[in-house]
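A.B. asks: Following this message is one structure expressed as structure tokens.
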């Protein structure tokens with residue numbers, strides 16, 4: 072009797088193991104598919120809203136902004152050629168991070184991936200003030216202003232008085248800021 076039951080139990084046990092294995096594989100594949108799908112959804116970003124008046128793009132609709140647009144020549148019209156040269160050098164450094172959209176208004180220039188992450192908030196008699204956005208605080212004697220916007224946003228400003236000021240350290244800051252501008256961080 073025992074001998075006759077054992078093959079039946081073994082068959083039942085193997086069937087149960089096979090079912091469990093198939094369930095595990097199915098669940099694993101299903102889990103992976105769900106994870107990949109949700110990961111893709113997180114990576115998929117909604118389209119930018121475009122202002123119907125000026126064509127500027129924003130992450131959300133109807134954000135406050137100036138519907139003005141200037142050329143580089145117009146922006147630097149009352150400044151010397153040295154200012155424009157510093158701007159071109161700064162732009163070139165920013166573009167090493169990846170493609171950017173340049174937004175030029177009456178009083179500032181901003182660089183945008185999906186969002187604005189860096190720019191020229193001011194022009195001084197000696198040069199430019201460069202700025203960028205990070206999600207954490209860093210220290211450098213080069214910063215003339217650090218603004219904390221809770222909970223974890225920091226806006227940094229530094230002087231650009233010569234092309235030498237646009238070095239590897241500034242490029243590293245800009246690369247990190249660029250990731251934020253692309254909404255990767």
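Residue numbers (my numbering): 72 to 256.
Yeah, the Cβ is synthetic: ideal placement off N, Cα and C, and Gly gets one too.
Predicted, not measured: the structure shown is a model, and the values here were computed from it.
So, are the CB atoms of residue 192 and residue 166 less than 8 angstroms apart?
C.D. replies: No; because the gap between Cβ atoms is not below 8 angstroms, this pair is not in contact.
A.B. asks: DSSP state of residue 209, grouped into three classes?
C.D. replies: Coil, per DSSP.
A.B. asks: For a minimum of 3 consecutive residues, which ranges assigned as the beta strand (DSSP E) are wholly contained in the segment 116-175?
C.D. replies: 172-175
A.B. asks: Expressed to the nearest angstrom, what Euclidean distance is found between the alpha-carbon atoms of residue 142 and residue 155?
C.D. replies: 12 angstroms
A.B. asks: I need the boundaries of the alpha helix (DSSP H) containing residue 189, first residue and last residue.
C.D. replies: Taken as a continuous stretch (DSSP letters only), residue 189 belongs to no alpha helix (DSSP H), being part of the beta strand (DSSP E) at 187-194.
A.B. asks: Can we say the segment 198-213 touches the segment 227-245, given the rule of at least three CB pairs closer than 8 angstroms?
C.D. replies: Yes: the two stretches touch, three or more of their Cβ pairs being nearer than 8 angstroms.
A.B. asks: Considering Cα atoms alone, identify which of 148, 200, 127 and 160 is closest to residue 139.
C.D. replies: 127
A.B. asks: Per DSSP, what are the beta-bridge partners of residue 228 in this structure?
C.D. replies: Residue 228 is bridged by DSSP to 202 and 216.
A.B. asks: How far does the beta strand (DSSP E) with residue 181 in it reach, from first residue to last?
C.D. replies: First-last of the beta strand (DSSP E) with residue 181: 180-183.
A.B. asks: Could you say which of 183, 199, 253 and 130 lies nearest to residue 153 if we only look at CA atoms?
C.D. replies: 199
A.B. asks: With 16 as the cutoff for other CB atoms within 10 Å, does residue 251 come out buried or exposed?
C.D. replies: buried
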